[in-house]
Amino acid sequence: EARGLLEAMDRAGLPSAAFTALDAQFHVALSSLAGNAVVSTMMDSLREAIRTYVDEAVAARGAWDDLVATLREQHWGILEAVEARDGERAARLVREHIEWFYERTL
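Per the working numbering, numbering through the sequence shown is continuous, rising by one, with the last residue being 96.
Here it is as structure tokens:
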């Protein structure tokens, strides 16, 4: 599921609203891969808040194409680390992803 969501996010010309909806779904799918029901449930309940926050942050900052390119690259790196069962690398990449996003949007 996570891989399919990233493939959909890679489509050229994807409207920002569609991208952010897929982005929120990807975060939920990724959390389910951790096998922790509490984390997965928490992410599922936060999905709409995440999507709304990303929509608002992107609208306020502009530079959509640059932002999306970086998000795609980061998401693929995280998924590849998870699929390789490299927990340390996955955790580092998730942390860097969150820090990068907040630095760019706050």
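Glycine is no exception: its CB is placed at the ideal position from the N, C-alpha and C atoms.
*Three-state secondary structure assigned by DSSP to Arg1*: coil
_Check this for me: beta carbons of Arg37 and Ala14, under 7 angstroms apart or not?_
yes
*Could you check what DSSP says for Gly(-6) in three-state terms: helix, strand or coil?*
helix
*Can you grab the Cα-Cα spacing for the pair Ala19 / Ala39, in whole Å?*
16 angstroms
_Which same chain residues end up closer than 6 angstroms to Ser30 when comparing Cβ atoms and leaving out the 5 residues on each side of it in sequence?_
Ser21, Ser22
_Ala80 in three-state terms, based on DSSP_ = helix
*Taking buried to mean at least 16 other C-beta atoms within 10 Å of its own C-beta, is Val28 buried or exposed?*
exposed
*Is the stretch 57 to 66 touching the stretch 74 to 90 in the sense that three or more CB pairs, one from each, lie closer than 8 angstroms?*
yes
_Here's the rule I'm using: 16 or more other beta-carbon atoms within 10 Å means buried, otherwise exposed. How should Ala80 be labelled?_
buried
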